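In my numbering, the protein residues as written are 113 to 355. We put the beta carbon where it would ideally sit given N, CA and C, even for glycine. The structure displayed is predicted, hence computed values, not measured ones. To start, the structure under review is shown below, and the notes come after it.
Have a look at this one:
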């Protein structure tokens, strides 16, 4: 029987090794296609990175894998288009791929609603002006952001060098007592290996960019694997509790 296959379109190189780690644990196939641009966390560069031409290039690379779904695995390269634009981005991607498609930003909103949550804190690696755009998207998606912190890291490459202890410190230092969950939005950050520690330390669900990208892609592919080690989102089969 063919394993569920989700094609991952990933910008440049940073934390793409989160995907084979998850694929092995979940028993799925997560082929990664790389697209390239300037890796600055700045609006003009992010708009270029998530452009239709760039994403079509990723689709072409994934064709031999015959994916059941495709994910644009870039939070900032999707929410930078605004609430309406990022949804159009996903529709355009689905048309190009000929299969269901989503993006990391949409995956965050879907995960929050599926877990039946309403209030979140955001621990972002981005500069403040970029992080604020993520908050605007979440607010438009009926999610109450009770706090937002921005680490001000300018490039994805730098985010990719953060050690596990740095990721844990970023999360713990920027949680909020009124938040039902903490969101950590950057697919350049290695998070799949520290989700258990993060949730145990904070005592609440932690949603990270690579985690929600994989989860949302598998849902689109008709799969709902359960696995320990990847947080509440993968702990049990989820139904849409929030809507």
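Around the Cβ of residue i, are there at least 16 other Cβ atoms within 10 angstroms (buried) or fewer (exposed)?
i: residue 291; result: buried
i: residue 141; result: buried
i: residue 340; result: exposed
i: residue 355; result: Any reading at residue 355 must be qualified, since the residue scores a pLDDT of 39, below 50, and its modelled position is unreliable; no value is offered.
i: residue 308; result: exposed
i: residue 176; result: exposed
i: residue 276; result: exposed
i: residue 61; result: Outside the shown range of the chain, which is 113 to 355, sits residue 61, and nothing can be said about it.
i: residue 196; result: exposed
i: residue 116; result: buried
From what residue to what residue does the alpha helix (DSSP H) around residue i run?
i: residue 165; result: 164-174
i: residue 276; result: 276-285
i: residue 123; result: Segment 118-123 is the beta strand (DSSP E) holding residue 123; no alpha helix (DSSP H) there.
i: residue 198; result: 194-209
i: residue 252; result: 240-252
Going by CA-CA distance only, name the one from the options that's closest to residue i.
i: residue 279; options: 266, 289 and 296; result: 296
i: residue 233; options: 288, 169 and 328; result: 288
i: residue 149; options: 193, 125 and 138; result: 125
i: residue 129; options: 116, 146, 114 and 117; result: 146
i: residue 165; options: 327, 201 and 188; result: 201
i: residue 411; options: 236, 253 and 346; result: Since the displayed the chain opens at 113 and closes at 355, residue 411 lies outside it and no answer follows.
i: residue 316; options: 229, 252, 329 and 172; result: 229
i: residue 214; options: 198, 224, 226 and 270; result: 198
i: residue 188; options: 304, 182 and 250; result: 250
i: residue 174; options: 324, 118 and 337; result: 118
i: residue 123; options: 138, 159, 180 and 135; result: 159
Per the DSSP calculation, residue i is bridged to which residue(s)?
i: residue 215; result: 184
i: residue 235; result: 261
i: residue 141; result: 117
i: residue 293; result: 232
i: residue 222; result: Residue 222 pairs with nothing; no bridge assigned.
i: residue 267; result: 152
i: residue 298; result: Residue 298 pairs with nothing; no bridge assigned.
i: residue 160; result: Answer by DSSP bridge pairing: none, since residue 160 is not bridged.
i: residue 256; result: 231
Hey, quick one: how far does the beta strand (DSSP E) through residue i stretch, first residue to last?
i: residue 146; result: 144-147
i: residue 319; result: 318-320
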